[in-house]
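Working notes for the structure below.
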Amino acid sequence: MTTLLSPGPATPSVFGQVGSVDGIVRFLLDDVWGAGLDLLAGLSGIDMLASPFMQRAYLAALCIAVIGPLVGSFLVHREVAMIGDTLAHSAFAGVAAGLFVNATLSVTVAPLLTALLVAAVAALLVQTLVDYAGAYRDTSLAIVLTGSFAVGSVLVTATDGGIAVGINAYLFGSLATVSRTNAAILLVMGVVVTAAVTLAYRPLVYVTFDEVGARAAGLPVTRYNQLLAVLTAGVVVGAMQIMGVILVAAMLVIPVAAATSVRGFKRSIGAAACAGLLATTTGVTLSYLYDIAAGGTIVLVAIGIYAAIKAGVRGRRYVSRRRRTPDRAVSAATAATSDGGDDK
2 MTTLLSPGPA TPSVFGQVGS VDGIVRFLLD DVWGAGLDLL AGLSGIDMLA SPFMQRAYLA
62 ALCIAVIGPL VGSFLVHREV AMIGDTLAHS AFAGVAAGLF VNATLSVTVA PLLTALLVAA
122 VAALLVQTLV DYAGAYRDTS LAIVLTGSFA VGSVLVTATD GGIAVGINAY LFGSLATVSR
182 TNAAILLVMG VVVTAAVTLA YRPLVYVTFD EVGARAAGLP VTRYNQLLAV LTAGVVVGAM
242 QIMGVILVAA MLVIPVAAAT SVRGFKRSIG AAACAGLLAT TTGVTLSYLY DIAAGGTIVL
302 VAIGIYAAIK AGVRGRRYVS RRRRTPDRAV SAATAATSDG GDDK
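Here it is, written out as structure tokens:
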């Protein structure tokens, strides 16, 4: 009986593991990332970079700028970019579920984790409806989107509006909601998403551009579709902290659309990540300086980058056509003269 009641060495080991995880988080966020931005703030004289919550916001922006276009490139080329909006509304239902449990039960649940769980289930449900229920892709997206938002709205009103205040930050995004725990979760999520796409890159590209050929080659297309859907759910939940549910799909689409003129799929992903990084960092900075919504500012900056790139591409094409036109006229005149034609 004494043996059964004795805690033994297991208890210290558990606390040691928890302590080690917290130590790793503090080392990465404070000693590496925080110290780096503190040094940059001292060299540049920008005090904003030394603020702890802005350091977490910039870290979240960096992660979103990388994993958003990384996953969004596959979605855009598959013409299913609106799955991000569907999973964002599913994440809204997950946040509402977490806040509802915290408000009604004596249990503390992180809304970000419930949002990730519900969004992942919704992603698999969308793919299941397409593969086995015979539903068109846009139909399945509409069903899951409206159903998820309906569940979220019911949970919000079930507590007489008690959780409405807490959910506003997830609807519209906020720099203040990026806590240390959320930043750590997003960092881990970024590493997982990047590693998964890197390991499954070739099959994902094959399925994206030639799904019929991939099935004929014996690839498990359904599994790769489910993998991409779950990765999209992770990106959506991570970006929701700053972007908000309403605008979260923008980072899956706009940077990728801005990089469509780049030749080569890998190069286009890199260019999209650069555009996303410029949009997120600029948007976060403007949001802090002018006290405006972070998500809306990031989206507007991203749209501005997209418009500038498209205008630059069109301008370059126009100039190149203008340069070729005189050359063609001179060539035609030379040919006419050599054939004995009139010099005029």
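Heads up, the sequence shown is in my numbering, so the first residue is 2 and it goes up one at a time.
Note that the Cβ used here is the ideal one computed from N, Cα and C, for glycine as well.
Because the structure is a prediction, the values reported are computed rather than measured.
My assumption, with CB atoms under 8 angstroms, is that residue i sits in contact with residue j. Please give the rounded CB distance.
| i | j | result |
| --- | --- | --- |
| Leu100 | Ile25 | Not really, about 28 angstroms apart at Cβ, beyond 8 angstroms. |
| Leu253 | Leu229 | Actually they do not touch by this definition, with Cβ atoms about 11 angstroms apart. |
| Ile243 | Leu176 | 7 angstroms |
| Ala42 | Leu29 | Actually they are not in contact, since the Cβ atoms of Ala42 and Leu29 sit about 18 angstroms apart, beyond 8 angstroms. |
| Ile68 | Val237 | That belief does not hold up - the Cβ atoms of Ile68 and Val237 are roughly 10 angstroms apart, past 8 angstroms. |
| Val179 | Phe54 | 7 angstroms |
| Val127 | Ser141 | 5 angstroms |
| Phe173 | Gly296 | 6 angstroms |
| Ala89 | Ala250 | 6 angstroms |
| Leu278 | Leu63 | 7 angstroms |
| Leu113 | Ile186 | 6 angstroms |
Does DSSP put residue i in a helix, a strand or coil?
| i | result |
| --- | --- |
| Thr109 | coil |
| Val246 | coil |
| Met402 | What the structure shows of the chain is the stretch from 2 to 345, and residue 402 is not part of that stretch, so it cannot be assessed. |
| Thr326 | helix |
| Ser91 | helix |
| Met49 | helix |
| Thr4 | Reliability fails at Thr4, whose pLDDT of 40 lies under 50, so the model's placement of it is uncertain and no value is given. |
| Gly219 | coil |
| Asp344 | Confidence at Asp344 is low in this model, with a pLDDT of 48, below 50, so the placement of that residue should be treated as unreliable; the coordinate-derived value is given next. It is coil, neither helix nor strand. |
| Leu176 | coil |
| Ala260 | coil |
| Met190 | helix |
| Ser21 | helix |
| Ala82 | coil |
| Ala312 | helix |
| Tyr307 | helix |
| Ala124 | helix |
| Ile164 | coil |
| Ala185 | helix |
| Tyr133 | coil |
| Ala42 | helix |
| Ala294 | coil |
May I ask which residues mark the beginning and end of the alpha helix (DSSP H) holding residue i?
| i | result |
| --- | --- |
| Tyr1 | Missing from the structure shown is residue 1; the chain here goes from 2 to 345 and no further. |
| Ile144 | 138–159 |
| Ser269 | 266–291 |
Residue i and residue j: beta carbons closer than 9 angstroms?
| i | j | result |
| --- | --- | --- |
| Val102 | Thr115 | yes |
| Ser91 | Val155 | no |
| Ala276 | Ile306 | yes |
| Val285 | Ala273 | no |
| Thr209 | Ile84 | no |
| Val110 | Met241 | no |
| Ile310 | Ser74 | no |
| Val198 | Leu125 | no |
| Thr281 | Ala66 | yes |
| Ala170 | Ser149 | no |
| Ala98 | Gly37 | no |
| Gly235 | Met190 | yes |
| Ile255 | Ile304 | yes |
| Tyr207 | Leu188 | no |
| Thr105 | Thr160 | yes |
| Ala58 | Tyr319 | no |
| Val263 | Thr283 | no |
| Tyr202 | Ala215 | no |
Report yes or no: is there a C-beta of chain D within less than 9 angstroms of the C-beta of residue i?
| i | result |
| --- | --- |
| Arg79 | Looking at the structure shown, chain D is missing, and only one protein chain is on hand. |
Examine the ligand FMN and report whether any of its heavy atoms sits within less than 8 angstroms of the Cβ of residue i.
| i | result |
| --- | --- |
| Leu50 | Only the bare structure without any ligand can be found here, which leaves the ligand FMN out of the picture. |
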